[in-house]
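Colleague: In our numbering, the protein residues as written are 2 to 168.
In this text, a Cβ means the ideal position worked out from N, Cα and C, and glycines have one as well.
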């Protein structure tokens, strides 16, 4: 009877302040998934510590063009203001249950001031004032639906429903 020996490979992973060393000789098909998960966990930790995950733009005020219009005024004006934009760290539950509440944080206003412009071409008797927000600072928080559009994809802040656009 001949003994067959499988090749033996050693793998050492050093990350997140820990070192993981194991021999691939001992990993069989049933443990391959466990090894893959361990590798992914260590890789994720390495990316987070190296700062690669933070290379995306953080939540901050950015310049944006918005549309200013009213139902009774025939002209749509474009205005440049600052809005909150960027990424917030979030986590997704793999197994969702009804027992655990889950909410994601979005980039939203921390401090805001409101400015007013007068729309041109409004008929007499129609208030030409249009008030809009200016982001002074932003942070990651739960979406406040009364003051923010937290849909997956909105119509866009610079889209006019009125075709008469005034730059």
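Taking 7 Å as the threshold (C-beta atoms), are residue 135 and residue 83 in contact?
Modeller: As a working mapping, residue 83 is identified with position 82 in the chain shown. As a working mapping, residue 135 is identified with position 134 in the chain shown. In contact: residue 83 and residue 135 (Cβ atoms closer than 7 Å).
Colleague: Could you spell out where the beta strand (DSSP E) holding residue 69 opens and where it closes?
Modeller: Sequence index remark: in the chain shown, residue 69 carries index 68 (1-based). Its beta strand (DSSP E) spans residues 61 to 69.
Colleague: For residue 143, which three-state DSSP category applies?
Modeller: Walking along the chain shown from the start, residue 143 turns up at place 142. In the structure shown, residue 143 sits in coil (DSSP, three-state: anything other than H, G, I, E or B).
Colleague: Measuring CB to CB, does residue 139 end up less than 7 Å from residue 70?
Modeller: Locating residue 139 in the chain shown gives position 138, where the first residue counts as 1. Locating residue 70 in the chain shown gives position 69, where the first residue counts as 1. Their beta carbons are not under 7 Å apart, which means residue 139 does not touch residue 70 by this criterion.
Colleague: Mapping the DSSP letters down to three states, classify residue 104 as helix, strand or coil.
Modeller: Numbered from 1 along the chain shown, position 103 holds the residue referred to as residue 104. If DSSP states are grouped into helix, strand and coil, residue 104 belongs with coil.
Colleague: For residue 118, which residues does DSSP report across the bridge?
Modeller: On the chain shown, position 117 is the one that residue 118 refers to. Its beta-bridge partners are 131.
Colleague: Out of 91, 124, 146 and 114, which has the shortest C-alpha to C-alpha gap to residue 59?
Modeller: Mapped onto the chain shown, residue 59 falls at position 58. Nearest option by C-alpha distance: 91.
Colleague: Indicate whether residue 113 and residue 144 have their beta-carbon atoms separated by less than 7 Å.
Modeller: Reading the chain shown from its first residue, position 112 is the one you call residue 113. Reading the chain shown from its first residue, position 143 is the one you call residue 144. Taking 7 Å as the Cβ cut-off, residue 113 and residue 144 do not qualify as a contacting pair.
Colleague: Looking only at C-alpha atoms, which of 125, 78 and 88 sits nearest to residue 105?
Modeller: Within the chain shown, residue 105 is the residue found at index 104, counting from 1. Of the listed residues, the one whose Cα sits closest to residue 105 is 88.
Colleague: With H, G and I counted as helix, E and B as strand and the rest as coil, what does DSSP make of residue 85?
Modeller: Looking up residue 85 in the chain shown gives position 84. Residue 85: strand per DSSP, three-state reduction.
Colleague: Using a Cβ-Cβ cutoff of less than 6 Å, which residues in the same chain neighbour residue 73 once the five nearest sequence positions on both sides are dropped?
Modeller: Your numbering for residue 73 matches position 72 in the chain shown. Only 127 meet the Cβ criterion.
Colleague: Given this structure, state the Cα-to-Cα distance separating residue 124 from residue 133, to the nearest angstrom.
Modeller: Position 123 of the chain shown, counted from the first residue, corresponds to residue 124. Position 132 of the chain shown, counted from the first residue, corresponds to residue 133. If you take the alpha carbons of residue 124 and residue 133, they lie about 21 Å apart.
Colleague: Roughly how many angstroms separate the alpha carbons of residue 117 and residue 96, rounded to a whole number?
Modeller: Residue mapping note: residue 117 aligns to position 116 of the chain shown, counting from 1. Residue mapping note: residue 96 aligns to position 95 of the chain shown, counting from 1. Their Cα atoms are separated by approximately 47 Å.
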